[in-house]
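This report refers to the structure that appears directly beneath it.
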Amino acid sequence: MSKFPVIRAREIIAFLKHLGFVELRQKGSHKFFKHPDGRTATVPDHRGEDLGRGITRKILNDIEASQEDFMKWHTDN
């Protein structure tokens, strides 16, 4: 598998919303999302900065989505 790309918070937020997650609250630069089935994710939204690959993988694990799912959605949008 090739190296996972560095992405911005707005990209993972758009993916979460595409999957049905809604933003519940924000504390500072951290946005908290919840899915109707109970899955949750916290996204650090530091404007102008990229998310680290580790943070991106952690968010995808939290929402039970694979890197392949994200990349397919990312290339289609």
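In my numbering, the protein residues as written are 1072 to 1148.
Note that CB positions come from ideal geometry on N, CA and C, so glycine has one too.
Quick caveat: nothing in here was measured; it's all calculated off a predicted structure.
Self-check item: Beta-carbon gap between Ala1085 and Asp1116 smaller than 8 Å
Solution: no
Quiz prompt | Other residues of its chain near Ile1078: CB distance less than 8 Å, five sequence neighbours each side excluded | solution = Asp1121, Leu1122, Thr1127 and His1145
Practice problem: Buried or exposed for Lys1102, please, with buried defined as at least 16 other CB atoms from any protein chain shown within 10 angstroms of its CB. | Solution: buried
Practice problem: Could you pull the start and end residues of the alpha helix (DSSP H) that Phe1086 belongs to? | Solution: Ala1080 to His1089
Quiz item: Anyone know if the C-beta pair for Lys1105 and Phe1092 falls short of 8 Å?
Solution: yes
Practice problem: Quick one: measure Cβ to Cβ for Val1114 and Ile1134, integer angstroms, because I've assumed they're closer than 8 Å. | Solution: Not confirmed; about 10 Å, so no contact.
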